[in-house]
Amino acid sequence: MTTIKLQNTRTRTKEVFTPIDPDNVRMYVCGPTVYDRAHLGNARPVVVFDVLYRLLRHVYGPDHVTYVRNFTDVDDKIIKRAEESGREISQITEETTQWFLEDMGALGALEPDAMPRATEFIPQMVTMIEELIAGGHAYAAEGHVLFAVESYKTYGALSGRAVDDMIAGARVEVAPYKRNPMDFVLWKPSEPDQPGWDSPWGRGRPGWHIECSAMSYELLGESFDIHGGGNDLMFPHHENEIAQSCCAHPKGEFARYWLHNEMLQVEGKKMSKSLGNFFTVRDLLDGNWSGGWKVPGEVIRFVFLSTHYRKPMDWTAKKAEEAKKRLEDWMRLTVDLEPSEKGSFEPAAAAIEALNDDLNTHLALVALNAMRSDPQKLLDNARWLGFLSDDTREGYKRSQSGVVFVARSVDLSAHEARLAAARQAAMESKDFAEVDRLKATYVEAGLEVRMSKQGVELVPGPNFDPTKLEGLE
RNA sequence: GGCGAGUUGGCGGAGUGGUUACGCAGCGGAUUGCAAAUCCGUGUACAGGAGUUCGAUUCUCCUACUCGCCUCCA
């Protein structure tokens, strides 16, 4: 049996991964709040934990892994968005959920086994809150229910914080009904025009953190193996999840391995709207970003996986271009091959070993690249890691000169024929002036000109401008 | 202020107590009418200081710098 090692935030060490039950390895990853398109940073944990999911499925078997990722569909940001836009909340959440699935699918991410929505688990949340109150870990005050952090001795252990220190440096406004400034909301009252559910504390809605505790308990049990998310969630979200879950179910361990991915940057800076470097996954896919070209989902995936998940990931146009070239190279080598049957294929040891070592995806990509001399192996392994999908390959095959990643808005075959004819004539006359003139024009238009004994190819590059070809017709 | 991460060659980015990362760019060659693409070959490195050690880029400590979180955020 292969040994997977994972860096556990809880212990700050790289540990051998041993599941509670090898027949049912359980992983929970915090999903999106559905109020808008997922931005690029939202996509990183999705891709990272998709790789872990694939690895676990390989090691323990596809039927022996349960991966849960939630949708937060009740939240003040959603309420605000509804008020601003005048749209129904359900309309917003349903639309955004669908967008999310489409966008993440484009990145080659498999869908989790379960994708629970917070609003479907309100009764379970209420039950858990009641248990916390009964156990002396929470109290009701002015329509709110708050978790009492002092009732949980190890509160702050995950992120390495002490309650007293946090109070000293806290920037939060302290609500008068809080016994301790660090107490956090489990349930809060709703105005008549806000979404709400009846509860023992009046009509209201859950606080942000309780949903993950309630849903992971329902779907994975009081103890499960892996809990993942971005490291910005470590505090307070994950800390609060631990407090809630461990106090409500003291016999359970909650999550045993905590994995956190580092944040994403853009051209060396934090992605933010004020810096003008903020974009969604859809922006990239549609070419609506500073790079200006349509970035295929697999290119985004490649860029993500070329940096280790625990290091800051810097998105740059240059990286995207390099990733695109590499994938085009792989595509060129494998386009005429058929993927091996599922039963007859085993991921290469080099790739598995790389991933076993705390998801060294960069090294796994290097291992893939080393398979260029064995295209069948490259194809199978690339597909196993979420590249060279059927859709991508179909697109490649449809494009005339074999380039998948650039949308072909014009038919270049006439130009190719014309250049080929001119070249043929020049070969005999030894006068290459006309050929050179044509070639220069094509290059100027952003085309790559490939002439060989096999013939002539015109390949659109990122700056291809079809209008520059008009004078040639 | 508290907590945490990082600093590797022109760039990106792995890894290791003593031996080649890899990719891109560069350079040389093959190929080409010339190119492009492709193929072959090739150079440059481990922030600074102290310590442990036969030996450290790799371990320990200190310094500097960068970054993230602590407020909605993945």
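Quick note, the first sequence lines up with residues -4 to 468 if you use the numbering used here. Quick reminder that beta carbons are idealized off the backbone N, C-alpha and C, glycines included.
Checklist line | Segment limits, alpha helix (DSSP H) that includes residue 316 | finding: That run of the alpha helix (DSSP H) goes 312 to 329.
* To do: Starting from the Cα of residue 255, find the closest Cα among 301, 460, 232, 145 and give me that residue.
  => Of 301, 460, 232, 145, the smallest CA-CA separation from residue 255 is found for 232.
Point to revise | Residue environment, residue 451, which counts as buried when at least 16 other CB atoms sit within 10 Å | key: Its Cβ being crowded by 16 or more others within 10 Å, residue 451 is buried.
Point to revise | Straight-line gap, residue 448 to residue 328 (C-alpha atoms, nearest Å) | key: The alpha-carbon atoms of residue 448 and residue 328 are separated by roughly 19 Å.
Cβ-based neighbour list, residue 198, same chain, cut-off 6 Å, excluding 5 preceding and 5 following
So the list reads 185, 191, once near-sequence residues are dropped.
Open item on the list: I'd like the list of long-range same chain contacts for residue 223, defined as Cβ closer than 6 Å, with 5 residues on each side in sequence excluded.
Closed with: The beta carbon of residue 223 sits closer than 6 Å to the beta carbons of 24, 44, 254 from its chain, once the five residues preceding and following it are set aside; these are given in chain order.
Check: Can you tell me whether DSSP reads residue 198 as helix, strand or coil?
Finding: Of the three classes helix, strand and coil, the one that applies to residue 198 here is coil, per DSSP.
Tell me, which residues are paired with residue 309 by DSSP?
-> Answer by DSSP bridge pairing, in chain order: 260.
Exercise for the section: Classify residue 11 as buried or exposed, calling it buried when 16 or more other Cβ atoms lie within 10 Å of its own Cβ. Expected result: Exposed, because fewer than 16 other Cβ atoms sit within 10 Å of the Cβ of residue 11.
query = Who pairs with residue 252 in a beta bridge, going by DSSP?
reply = DSSP lists 221 as partners of residue 252.
task = Would you give the residue range spanned by the beta strand (DSSP E) that residue 182 belongs to?
result = Run containing residue 182: 179 to 184, per the beta strand (DSSP E) assignment.
Problem set entry | Distance between residue 235 and residue 128 (C-alpha atoms, nearest Å) | About 15 Å.
*Span separating the alpha-carbon of residue 471 from that of residue 340*: Lying before the first or after the last residue shown, residue 471 is absent from the chain, which here runs from -4 to 468.
Inset, instruction - Return the chain-ordered ranges of every beta strand (DSSP E) run that is complete within the segment 14 to 52 and spans a minimum of 3 residues. - result: Scanning the segment 14 to 52 for uninterrupted beta strand (DSSP E) segments of 3 residues or longer gives 20 to 24, listed from N- to C-terminal end.
_Alpha carbons only, please: which of 72, 382, 103, 21 is nearest the one belonging to residue 55?_
Here the closest residue by C-alpha is 21.
What is the DSSP secondary structure of residue 235, reduced to helix, strand or coil? Three-state DSSP puts residue 235 in a helix.
Exercise for the section: Have a look at 374, 322, 49 and flag the residue whose alpha-carbon is nearest the alpha-carbon of residue 331. Expected result: Out of 374, 322, 49, the CA that lies nearest to the CA of residue 331 is found in 374.
Point to revise | beta strand (DSSP E) segments (min. 3 residues) lying fully within the segment 94 to 156 | key: Inside the segment 94 to 156, DSSP marks whole beta strand (DSSP E) runs of 3 or more residues at positions 133 to 136, 139 to 142, from first to last along the chain.
Alpha-carbon to alpha-carbon, residue 26 and residue 396:
Annotation note: pLDDT 44 at residue 396 (below 50); position unreliable, coordinate value reported separately. Spanning the two alpha carbons is a distance of roughly 40 Å.
With burial defined as no fewer than 16 other Cβ atoms inside 10 Å of the residue's Cβ, what is the status of residue 225: buried or exposed?
With a 10 Å radius around the Cβ and a threshold of 16 neighbouring Cβ atoms, residue 225 comes out buried.
| So does the segment 60 to 70 actually touch the segment 207 to 217, counting three or more Cβ pairs closer than 8 Å? | With a cut-off of 8 Å, the segment 207 to 217 and the segment 60 to 70 count as touching, because enough Cβ pairs lie within range.
**Prompt:** Who does residue 8 pair with in a DSSP beta bridge?
**Reply:** Residue 8 is bridged to 3.
Label residue 364 either buried or exposed according to how many other C-beta atoms from any shown protein chain fall within 10 Å of its C-beta, with 16 as the threshold for buried.
Exposed: under 16 other Cβ atoms inside 10 Å.
Exercise for review: For my contact list, residue 377 and residue 325 are in at a C-beta cut-off of 8 Å; report their separation, rounded to the angstrom.
Suggested key: The distance from the Cβ of residue 377 to that of residue 325 is about 6 Å, consistent with a contact at the 8 Å cut-off.
Exercise for the section: State the Cα-Cα distance for the pair residue 171 and residue 101, rounded to the nearest angstrom. Expected result: The alpha-carbon atoms of residue 171 and residue 101 are separated by roughly 47 Å.
| Straight-line CA distance for residue 342 to residue 150? | Inter-residue distance for residue 342 and residue 150 is about 41 Å (C-alpha atoms, whole angstroms).
Query raised in the report: Is the segment 31 to 39 touching the segment 81 to 94 in the sense that three or more CB pairs, one from each, lie closer than 8 Å?
Result: The segment 81 to 94, when compared against the segment 31 to 39, does touch it at the 8 Å Cβ threshold.
- Query: Going by the CB atoms, is the gap between residue 48 and residue 1 shorter than 9 Å?
  - Reply: At a Cβ-Cβ threshold of 9 Å, residue 1 and residue 48 do not count as neighbours.
Using the Cα positions of residue 179 and residue 133, report the straight-line distance between them to the nearest angstrom. Rounded to whole angstroms, residue 179 to residue 133 spans 9 Å at the Cα level.
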